[in-house]
Amino acid sequence: DFTDTQTDLLWEVAICLYDATNYNVYNSTGGVFNDAFQGASFRSDLDSVGLAIRKSVLENAGWSPGSALNIQCFTTKDGTENGPGEITGSDVVDAIGATIDRAGGFLYGGVSSTATTGRAKYAFIYHGNQSLNKAKDIRDWIYREETNHTPTGYSRGLDAVENYGVKANIHVSGTLASAIEWAQPLFNDRIPDLAAQGRVAIIGGVLAEHIMPYFEDNAAAGLFVNSKAIQDGTSVLMSIYDLTTQPEVFWIPERVVRGQTFADILTNHETGNPTGYTATVLDDRYHMKDWFGMPDSQRFKLHKINGVYVFLINGIDARLGLPPGGDQEPDGTKFWNQDSGLHIETRKLLNRLARDQDQQQLVLVFDDWEAYSGRSFTSEL
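Put into structure tokens, the structure is as follows:
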């Protein structure tokens, strides 16, 4: 089709798919076998195209069933012969598992049918924190039917886990967990059931979400506010949610932290014993980029500060310091649906990470549980 491109590999069968109903199937001698084409499916919700041909075409070209099939998959714009698709050099605009030499007009490499797929990792956190409050107000946070008959509330977050098979990370402050326990304990009962099934993981924290750097432990003065708050907060969560093992990830309120704070996360300075926490959650730019000059290639990696492992919320472009609304800001676009699914730029990011040789990368987003439940934290009761 005049793509101005050669391949470094010998080939036997070429499938040219133009749309759902127009196609050509060639062999390497120029023969056309369009009757072998079985159909195509374009799925924007999966960002994929599926197609099928008769196996006999491949067998006639020398392929043995069960053996590896090597594939070069590439796309062009329409009109590769003096049309919009006629671009400088090679007309190939994208390829899977192959390298494009645009100037030289070559496509190098391909994908084997025996190649294993990578997987992008995407995680989210429900962050729940409320003060001790009237039972009715707490019940309204759990479930409320709006004037348009749309239900909102924390229950929607758990409904999503149960109905769609997703897995969630949940941080509930000790005060909110306690308030729910007396206002509507049946809601709290849902969480240990999901935790036992491995469908939710609990993130620990201090009892009442105080700002930790202002209350750091001071053994010389006999002050152990952080240690006591961590101990009490952990005890409340383990008791209410029937946890048999303590959470290992710790939520720092508002992610306000300094160097000494990490020591309080690791050690109860009143008892001298480890707290049991080994990791926390911070921001990619404000902590890792601004503090340590983290390169962009490390935004989706696990880090370690003063002995504490650090997961990064991917919220603001580490290069620009501004939210661009692109694939560098998945947290800012997590509620922005496009084409019946995730934001397009987030899909591109996950596609790239799934194909990356480094499979130890995580995209992490978070928000107040209220936001995940259909209304913001500031919504009027």
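My numbering puts the first residue of the sequence shown at 1, with every later residue one more than the last. Note that CB positions come from ideal geometry on N, CA and C, so glycine has one too. Note that this is a predicted model, so its numbers are computed, not measured.
(1) Whole angstroms are fine: how far does the CA of E181 sit from the CA of Y277?
(2) If G97 sits next to G105, beta carbons under 8 Å apart, how far is it from one beta carbon to the other, in whole angstroms?
(3) Can you tell me whether N218 is helix, strand or coil according to DSSP?
(4) For the beta strand (DSSP E) holding W241, just list the boundary residues, first then last.
(5) With a CB to CB cut of under 7 Å and the five nearest residues on each side skipped, what residues in its chain are close to G259?
(6) Short of 7 Å in beta carbon distance, which residues of its chain neighbour A68, apart from the five on each side in sequence? Order them along the chain.
(7) Grab me the residues of F4's own chain with a C-beta within less than 6 Å of its C-beta, minus the 5 sequence neighbours each way, in chain order.
(8) Tell me which same chain residues have a C-beta within less than 7 Å of the C-beta of D47, skipping the five on either side of it?
(9) Could you tell me which uninterrupted beta strand (DSSP E) segments, each at least 3 residues in length, are contained entirely in the segment 147-173, listed from first to last along the chain?
(10) Which residues mark the beginning and the end of the beta strand (DSSP E) in which D189 is found?
(11) Name the DSSP bridge partner or partners of G276?
(12) In terms of residue numbering, what span does the beta strand (DSSP E) encompassing G50 cover?
(13) Buried or exposed: which applies to F355, given that a residue is buried once 16 or more other Cβ atoms fall within 10 Å of its Cβ?
(14) Check the C-beta distance from D283 over to L312 and give it rounded, since I have them as a contact under 8 Å.
(15) Go ahead and pull the three-state DSSP assignment for S112.
(16) Could you pull out every residue in the same chain whose Cβ sits closer than 6 Å to the Cβ of G325, ignoring the five residues on either side in sequence?
(17) Could you tell me which residues DSSP pairs with N70 in its beta bridges?
(18) Between Q184, Y372 and K304, which has its C-alpha nearest W336's C-alpha?
(19) Considering only the alpha carbon of each residue, which of D101, K167, N148 and L132 lies closest to Y126?
Short version:
(1) For the purposes of this step, residue 277 is identified with residue 277 of the sequence shown, where counting begins at 1. For the purposes of this step, residue 181 is identified with residue 181 of the sequence shown, where counting begins at 1. Our two residues, Y277 and E181, have alpha carbons roughly 25 Å apart in a direct line.
(2) In the sequence shown, the residue the question calls residue 97 occupies position 97. In the sequence shown, the residue the question calls residue 105 occupies position 105. Taking a contact as a CB-CB distance under 8 Å, the pair G97 and G105 does not count as one, their CB atoms being some 19 Å apart.
(3) Here residue 218 corresponds to residue number 218 of the sequence shown, with the count starting at 1. Strand at N218.
(4) As a position in the sequence shown, residue 241 is number 241, starting the count at 1. Looking at the sequence provided, one finds Tyr at residue 241 rather than Trp. Neither: Y241 is in no beta strand (DSSP E) and is coded neither H nor E.
(5) As a working mapping, residue 259 is identified with position 259 in the sequence shown. Here the set comprises N306.
(6) Indexing the sequence shown from 1 puts residue 68 at position 68. Correct list, in chain order: S112, S113 and T114.
(7) The sequence position of residue 4 within the sequence shown is 4, counting from 1. Here residue 4 is Asp; the residue named in the question, Phe, does not match the sequence. Around D4: S90, D91 and G105.
(8) Reading the sequence shown from its first residue, position 47 is the one you call residue 47. Leaving aside the five residues that flank D47 on each side, the residues in its chain whose CB is nearer than 7 Å to its CB run, in chain order, R347 and N351.
(9) Here the runs fully enclosed are 168-172.
(10) Numbered from its first residue, the sequence shown carries residue 189 at position 189. Looking at the DSSP string, D189 is not in any beta strand (DSSP E); the run it does join, the alpha helix (DSSP H), is P185 to A196.
(11) The residue you call residue 276 lines up with position 276 of the sequence shown. Note: G276 sits in no beta bridge, so no partner.
(12) Along the sequence shown, one-based indexing puts residue 50 at 50. Residues S48 to I53.
(13) The residue you call residue 355 lines up with position 355 of the sequence shown. Checking the sequence, you will find Arg at residue 355 rather than Phe. Residue environment analysis places R355 among the exposed positions, since fewer than 16 neighbouring C-beta atoms fall within 10 angstroms of its C-beta.
(14) For this step, residue 283 is matched to residue 283 along the sequence shown. For this step, residue 312 is matched to residue 312 along the sequence shown. At roughly 7 Å, the Cβ-Cβ gap stays under 8 Å, so D283 and L312 are in contact.
(15) Position 112 of the sequence shown holds residue 112. S112 falls in the strand class under three-state DSSP.
(16) The sequence position of residue 325 within the sequence shown is 325, counting from 1. Confidence in G325 is poor, its pLDDT being 47 and thus under 50, which makes the residue's placement too unreliable to answer from.
(17) Start at 1 with the first residue of the sequence shown, and residue 70 comes out as number 70. N70 is bridged to S112.
(18) Position 336 of the sequence shown, counted from the first residue, corresponds to residue 336. Of Q184, Y372 and K304, the residue nearest in Cα terms is Y372.
(19) As a working mapping, residue 126 is identified with position 126 in the sequence shown. From the listed residues D101, K167, N148 and L132, the smallest Cα separation to Y126 is found for K167.
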